[in-house]
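Just so we're aligned, residue 0 is where the first sequence starts under numbering that gives the first Met the number 0, counting upward by one.
Ideal Cβ placement from N, Cα and C applies to all residues, glycine included.
Just so it is clear, the structure is predicted and the values come from calculations on it, not from any experiment.
A short write-up of the structure that comes next.
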Amino acid sequence: MDVSPILDPLNEAQRAAVTSEDVPALVIAGAGSGKTRVLVHRIAWLCEVHSVSPFSVLAVTFTNKAAAEMRARVESLLKHALGGMWIGTFHGISHRLLRAHWQEAGLKENFQILDSDDQLRLVKRIIQDMGLDDSRWPPKQARGYINARKEEGLRAGQLQHRNDPAARQLVRIYTAYEQECERTASVDFAELLLRSLELLQQNQEILDHYRRKFRHILVDEFQDTNAIQYAWLRTFAGEENPVFAVGDDDQSIYGWRGARIENLHNFERDYRNTQLFRLEQNYRSTNTILSVANALIDNNRERMGKKLWTEGVTGDPVCLYAAFNEQDEARFVAERIRQWVEAGHSRRDDIAVLYRSNAQSRVFEEVFISHSVPYRVYGGLRFFERAEIRDALAYLRLARNPDDDPSFERVVNVPSRGIGQRTMALVRERAVRNRVTLWKAAEEMLQSRSLTTRAAHALERFLQFMSTLEEEIRALVLDAQIDHILRSTGLMSHHGREGSEKAKSRVENLKELVVTARSFDLDNELYKEMLPADAFLVHAALEAGEGQGAIWEDCVQLMTLHAAKGLEFALVFIVGMEEGLFPSDMSKEEPGRLEEERRLCYVGITRAREQLVFTYAESRRRYGADSYYNSPSRFIGELPPELIAEVRPRAMVSTPVRTRSMPGRPGQNSGIGVGDSVVHAKFGRGVVLDCEGAGSNARVQVNFEREGSKWLVLAYANLDKLV
DNA sequence: ATAAAACGATTTTTT
DNA sequence: ATCGTTTTAT
Numbered sequence: 000m001d002v003s004p005i006l007d008p009l010n011e012a013q014r015a016a017v018t019s020e021d022v023p024a025l026v027i028a029g030a031g032s033g034k035t036r037v038l039v040h041r042i043a044w045l046c047e048v049h050s051v052s053p054f055s056v057l058a059v060t061f062t063n064k065a066a067a068e069m070r071a072r073v074e075s076l077l078k079h080a081l082g083g084m085w086i087g088t089f090h091g092i093s094h095r096l097l098r099a100h101w102q103e104a105g106l107k108e109n110f111q112i113l114d115s116d117d118q119l120r121l122v123k124r125i126i127q128d129m130g131l132d133d134s135r136w137p138p139k140q141a142r143g144y145i146n147a148r149k150e151e152g153l154r155a156g157q158l159q160h161r162n163d164p165a166a167r168q169l170v171r172i173y174t175a176y177e178q179e180c181e182r183t184a185s186v187d188f189a190e191l192l193l194r195s196l197e198l199l200q201q202n203q204e205i206l207d208h209y210r211r212k213f214r215h216i217l218v219d220e221f222q223d224t225n226a227i228q229y230a231w232l233r234t235f236a237g238e239e240n241p242v243f244a245v246g247d248d249d250q251s252i253y254g255w256r257g258a259r260i261e262n263l264h265n266f267e268r269d270y271r272n273t274q275l276f277r278l279e280q281n282y283r284s285t286n287t288i289l290s291v292a293n294a295l296i297d298n299n300r301e302r303m304g305k306k307l308w309t310e311g312v313t314g315d316p317v318c319l320y321a322a323f324n325e326q327d328e329a330r331f332v333a334e335r336i337r338q339w340v341e342a343g344h345s346r347r348d349d350i351a352v353l354y355r356s357n358a359q360s361r362v363f364e365e366v367f368i369s370h371s372v373p374y375r376v377y378g379g380l381r382f383f384e385r386a387e388i389r390d391a392l393a394y395l396r397l398a399r400n401p402d403d404d405p406s407f408e409r410v411v412n413v414p415s416r417g418i419g420q421r422t423m424a425l426v427r428e429r430a431v432r433n434r435v436t437l438w439k440a441a442e443e444m445l446q447s448r449s450l451t452t453r454a455a456h457a458l459e460r461f462l463q464f465m466s467t468l469e470e471e472i473r474a475l476v477l478d479a480q481i482d483h484i485l486r487s488t489g490l491m492s493h494h495g496r497e498g499s500e501k502a503k504s505r506v507e508n509l510k511e512l513v514v515t516a517r518s519f520d521l522d523n524e525l526y527k528e529m530l531p532a533d534a535f536l537v538h539a540a541l542e543a544g545e546g547q548g549a550i551w552e553d554c555v556q557l558m559t560l561h562a563a564k565g566l567e568f569a570l571v572f573i574v575g576m577e578e579g580l581f582p583s584d585m586s587k588e589e590p591g592r593l594e595e596e597r598r599l600c601y602v603g604i605t606r607a608r609e610q611l612v613f614t615y616a617e618s619r620r621r622y623g624a625d626s627y628y629n630s631p632s633r634f635i636g637e638l639p640p641e642l643i644a645e646v647r648p649r650a651m652v653s654t655p656v657r658t659r660s661m662p663g664r665p666g667q668n669s670g671i672g673v674g675d676s677v678v679h680a681k682f683g684r685g686v687v688l689d690c691e692g693a694g695s696n697a698r699v700q701v702n703f704e705r706e707g708s709k710w711l712v713l714a715y716a717n718l719d720k721l722v
């Protein structure tokens, strides 16, 4: 057996982890240290060298993207298909279990997956049906409560709040929600995990089967697991099967959505004979960038401890630019991008602009357009989350299964066909009272003639239409089914009639849906024994797809710091480095949150291979109001000064154009103008570099001898002019 | 049933 | 400021 393809590309630490004994292993893998490589080679090591059957390997990730990457890399290393190996997300694998054992799990065979949007609609309706005021009981909050409890493994029946009336009400909503899910055979994302966990815990035979089957369990991004995911893993593994977990405590940035960094710490306690490995050699960044990253993260107290190092070059210093405002910040970035490309760096998609919040992307978009910098923004609605796509798929679901209430609700009046809230309220009421689905309730009401002629007519036509639709598409292939739905429901013409840009893109998306359906991979093992339409619907629910269509050009990448995790770029800008923005003001309440913000910054820094640039704006418009004298983020102060090059090119100290501000006469009535020497009570002496605005809005930029240049509002600054 | 007006929220996001 | 949602008016 030639083990060289498996072991040769590895360094010593990686090799130790890959070839470790059959005991629980925890691999603390720093950024850029070859985490995925270790997982992939571990699988290859087991299969090729230890002749482990692919059928006994289970590898779990968080995102479909990570699962797809791992699958591809394992196949390319093994040089053959996975052959029975399970590589998937927590949710994907849970879904697979529930499909296989729907009866034991107490589900119906054709159970539906509720995504968060479906879930919100349902919760909202329940709150209304319970006669509660939804401003006092915001549906989003209730949904958050339900999901948080489920992620702790708790069902409504297990919750008791004797002394807390608000919590008691939430439990009542949770209970009603559970009943509705039961009635409509719906399973939300958290339920996939909870239900499959309970399936294993309550069915000894099934549990034994899977414990005998999956002798080797591997987990990626272990620091992101929440309580139920860890319980799920432990249940799978039992006492006998070793878990191989890879993660990085310094890259835990999802605490706010339930991820428990403690799982990393508890792992060693829960599995006594755990072998611990550390991957600290970095293959991505320059030495300078790593030193900056190490210095920053060193300010966190709760760490397992780790220091990245590299054999690579020292690299350029990290840059810091203090912009006047957010426009100036964006212009500086655009200019640096231009220089970078001119210097011979060919790929613009190897450049990223990272920010704390999505709202920050706007100014960059505006400035990049005016500077002709091609860019691509990540985030926002993904393909299968778009309303028009969901409408179309709801028709498909409803045609496949008339009892699918969420879909019934969604499309009954889209496009409008005269079935309004009044009619639907009556149908819903009957459905709940008689414990039947909306479809059946509607049929009953038509029989019993308990509706006005007009409403009855409209409803009857809808039911008739859906029945006909089902017959018409029955014999068609998937993409033809969808194509037919788009035409016969009028969805396509509904959007086509309107001329707006948004409507045009909706039409394009609907066309794209047909194309997506045509190229949908039906041979996937996950979907065997399922009808194409059902498989496609599962795919849509579990995999929301990309945010934008095809990447047509070599574009600068704009995204949040969170979205950048796992990616790398030659040139990285981390912008908006201001106290209050990053770290966010909202993270100042709980103590642990600040450390998480710092880890987020660490994640951003370690995305950069060659050059890293920080920027912040001394003045910034937020929520419609300007804020001045923003101080640089505390994270800037935590970096080693000798590795930071401050950029303040004199050439750029000229006119910071404010598109929104009035082009007033600078200093008209203040007696202060460009070139004047002034004194400020706090900042001392300085020279006026620039003015803008008029009257009470007038601002001046002053280059202070001690403090450097700042923008001040004349009305508040109390400047004295020196003669 | 549609359109205008008022209201409210506004960190980060996957499944 | 701005976007999405809900209420109110036509």
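Give the DSSP-derived three-state secondary structure of residue i in the structure shown.
i: A474; result: coil
i: M558; result: strand
i: R633; result: helix
i: K503; result: helix
i: I205; result: helix
i: W308; result: strand
i: A28; result: strand
i: I368; result: helix
i: I86; result: strand
i: G143; result: helix
i: N702; result: strand
i: I227; result: helix
i: E215; result: Looking at the sequence itself, residue 215 is His, so the reference to Glu does not match. In the structure shown, H215 sits in a strand (DSSP, three-state: E or B).
i: Q159; result: coil
i: A532; result: helix
i: F407; result: helix
i: Q610; result: strand
i: K527; result: coil
i: H344; result: coil
i: R210; result: helix
i: H49; result: coil
Among the options, which residue has its Cα nearest to the Cα of residue i?
i: A58; options: Q463, L713, L169 and V39; result: V39
i: L621; options: I368, G575, R214 and L131; result: With the sequence shown as reference, residue 621 is identified as Arg, and Leu is not the correct amino acid for it. Per the Cα distances, G575.
i: A16; options: F581, I252, F461 and V245; result: V245
i: V571; options: V317, L397 and L76; result: V317
i: R647; options: I216, N702, S632 and N523; result: N702
i: W255; options: G591, A333, L580 and Q463; result: G591
i: R41; options: T62, A104, R72 and G636; result: R72
i: A226; options: D404, N262, V411 and E641; result: N262
i: E68; options: P53, G87 and K78; result: G87
With respect to the alpha helix (DSSP H) encompassing residue i, which residues constitute its N-terminal and C-terminal limits?
i: L289; result: N286 to I296
i: D327; result: E325 to E341
i: A58; result: No alpha helix (DSSP H) contains A58, which is instead part of the beta strand (DSSP E) from V56 to T60.
i: F572; result: Careful: F572 lies outside any alpha helix (DSSP H), inside the beta strand (DSSP E) at F568 to I573.
Measure the CB-CB distance between residue i and residue j and report whether it falls below 8 Å.
i: K614; j: A351; result: Here the sequence assigns Thr to residue 614, which means Lys is not the residue at that position. The answer is no: Cβ separation not under 8 Å.
i: M558; j: Y377; result: yes
i: W136; j: I126; result: yes
i: L718; j: V677; result: yes
i: D315; j: T287; result: yes
i: R277; j: I27; result: yes
Below 8 Å CB to CB, which residues in the same chain sit around residue i once its five sequence neighbours on both sides are set aside?
i: V555; result: I336, R347, D348, I350, A351, V352, F367, V372, P373, Y374 and R375
i: K490; result: At residue 490 the sequence reads Leu, which differs from the Lys that was named. The residues are E387, D390, A391, Y394, V413, P414, I484 and L509.
Using C-beta distances below 6 Å, list every residue in its chain close to residue i, excluding the 5 sequence neighbours before and after it, in chain order.
i: R517; result: D478
i: A189; result: N146, K149 and E150
In the DSSP assignment, the beta strand (DSSP E) including residue i goes from what residue to what residue?
i: R619; result: R619 to R621
i: F276; result: Q274 to L278
i: S723; result: What is shown of the chain runs 0 to 722, which leaves residue 723 out entirely.
i: E645; result: I643 to V646
i: G246; result: V242 to G246
i: D625; result: A624 to S626
i: H727; result: A question about residue 727 goes unanswered here, because the residues of the chain that appear run from 0 up to 722.
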